[in-house]
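Numbering (my numbering), first residue to last: 4 to 358.
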Amino acid sequence: MTVLILYLSLALGVSFLCSLLEATILSVTHGYVRALCQKHRKSGRMLQDLKDRIDRPLVAILTLNTVANTVGAAGVGAQVLKLYTERYGAAGHAGQAVAVASGTLTFLILVFSEIIPKTLGAVYWKQLAPAAGYMTKGLIIIIYPLVVMFEALSKLISRKRYQLKVSREEMAAVAEIGKAEGTLLTQETRVIQNLLRLNKIRAKDVLTPRSVLLTFQKDKTVQEVVNKHSPIRFSRIPVYGKDLDDITGIVHRYKLLRAYAEEKGRITLDKLSVPIHAVPDTKSVASILDELLRRQEQVFLVVDEYGGTAGIITLEDTIETLLGVEIVDEFDTVEDMRKLAAQIGQRRKFRKQGL
């Protein structure tokens, strides 16, 4: 009976441990490993090595698990047959006894060596990860020849090295899960999701179109502009030469007002304007944001495929796209400046039509 219990304990105990290690190692995320590397470099690097060469820990764990189940099942069957024969003799129903023992062992392995340990590993992997990593590393060392042999076999079957590829959609889904679990705030989730799609959004999707732009002809004087367009609600206004496809620069509202206040009303706008950088309308908002920051500028001219003016895009536009909200500074009198520009453009159209 003692030997029977020993074989049963071997089958259940070792299999329990192997299933726990397998579930824990597979549940560990690469993000957790990177974070652990910063806090506990030794255990973090060890787990990183296991995740990078995931075939090694799996080979070691599954090899030990298979050996334990095989030896344990064979030993339990042999001991049941021996005990039954000793008690009831060879004429008894020994085969039925072994069948019952096998069925019972299968049920015990399913519950205590598969379901329970794998559930524990999947749920408590963060707490178990460091210890599971060291135990798996030790197991790899113990049966290293077998690990190398099976690793070579797996490389023959699949010559492509395993590479982790996390899609943007998966990262966005993780952010949504983080919000649902209370790890991330709604605003944080929105920013993460907007950031992930920022590279797919083009300048033409968020620009202020030329049809609603407030623009000044470069030969106009400060006095003419202030008298006609006061109050000027926009901070930076494009300045053009012959037509809107000939944007020569931008003039700042405060330069205009300062020149007017200093009685320099006869100065033309081309004397106050500064050059404006042009970008294609197919350029991503992510690239434009990076370039705006690098050049330390606030506004870019957006041109279409023919080099004509499509509109303008501002640093504020790109950040609003990232944050998903309208940004209003202390000098803005309205919340949505693009909407105001559209309204002004519509009024101009009506005036031209005599309405």
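By construction, the Cβ of each residue, glycine as well, lies at the ideal position given by its N, Cα and C atoms.
Beta-carbon proximity of residue i to residue j, cut-off 8 Å
i: LEU304; j: THR317; result: no
i: PRO120; j: LEU23; result: yes
i: GLU25; j: ILE64; result: yes
i: ILE235; j: ARG261; result: no
i: PRO133; j: SER30; result: no
i: ASN72; j: ALA14; result: yes
i: TYR87; j: ALA100; result: yes
i: PHE153; j: VAL62; result: yes
i: ASP307; j: ASP284; result: yes
i: VAL74; j: LEU108; result: no
i: GLY268; j: VAL225; result: yes
i: LEU67; j: PRO60; result: no
i: ILE291; j: ALA206; result: yes
i: ALA183; j: GLN196; result: no
i: THR27; j: GLY124; result: yes
i: GLY244; j: LYS223; result: no
i: LYS258; j: LEU275; result: yes
i: LEU188; j: ARG171; result: no
Residue i (DSSP reduced to helix, strand or coil)
i: PHE303; result: strand
i: ILE204; result: coil
i: ILE180; result: helix
i: HIS33; result: helix
i: SER287; result: strand
i: GLY327; result: coil
i: ILE322; result: helix
i: HIS232; result: helix
i: THR317; result: strand
i: THR186; result: coil
i: MET4; result: coil
i: TYR263; result: helix
i: SER170; result: coil
i: TYR147; result: helix
i: ILE57; result: coil
i: SER105; result: helix
i: TYR137; result: helix
i: TYR127; result: coil
i: SER276; result: coil
Residues bridged to residue i [DSSP beta-bridge criterion]
i: THR66; result: DSSP output for THR66 lists no bridge partner at all.
i: PHE219; result: VAL242
i: THR271; result: THR224
i: SER157; result: According to DSSP, which records beta bridges pairwise, SER157 is partnered with nothing at all.
i: ILE250; result: TYR243
i: ALA281; result: LEU304
i: HIS255; result: ARG239
i: THR312; result: VAL306
i: THR211; result: ILE315
Environment of residue i [buried if 16+ CB atoms lie within 10 Å]
i: SER214; result: exposed
i: GLN130; result: exposed
i: TYR10; result: buried
i: SER367; result: Missing from the structure shown is residue 367; the chain here goes from 4 to 358 and no further.
i: ASP320; result: buried
i: PHE334; result: Residue confidence for PHE334 is low, a pLDDT of 49 falling below 50, so the modelled location carries little weight and cannot support an answer.
i: MET49; result: buried
i: GLN82; result: buried
i: VAL288; result: buried
i: PHE19; result: buried
i: ILE180; result: exposed
i: ALA176; result: exposed
i: VAL6; result: exposed
i: THR122; result: exposed
i: VAL114; result: exposed
i: ALA104; result: buried
i: SER116; result: buried
i: VAL36; result: buried
i: VAL126; result: exposed
Cβ distance (whole Å) where residue i is taken to contact residue j below 8 Å
i: TYR263; j: VAL229; result: 5 Å
i: LEU325; j: LEU201; result: 6 Å
i: ILE253; j: ILE240; result: 6 Å
i: ASP273; j: VAL242; result: 7 Å
i: GLY310; j: THR211; result: With a Cβ gap of about 19 Å, GLY310 and THR211 do not count as contacting.
i: GLY106; j: ARG193; result: About 55 Å; that fails the 8 Å criterion.
i: ILE143; j: VAL150; result: 5 Å
The ligand PLP heavy atom lying under 7 Å from the CB of residue i
i: LEU216; result: Summarising the ligand content, the structure contains no ligands, and the ligand PLP is consequently not present.
Interface flag, residue i vs chain B, CB-CB below 8 Å
i: ILE195; result: Absence of chain B from the displayed structure is noted, only one protein chain being present.
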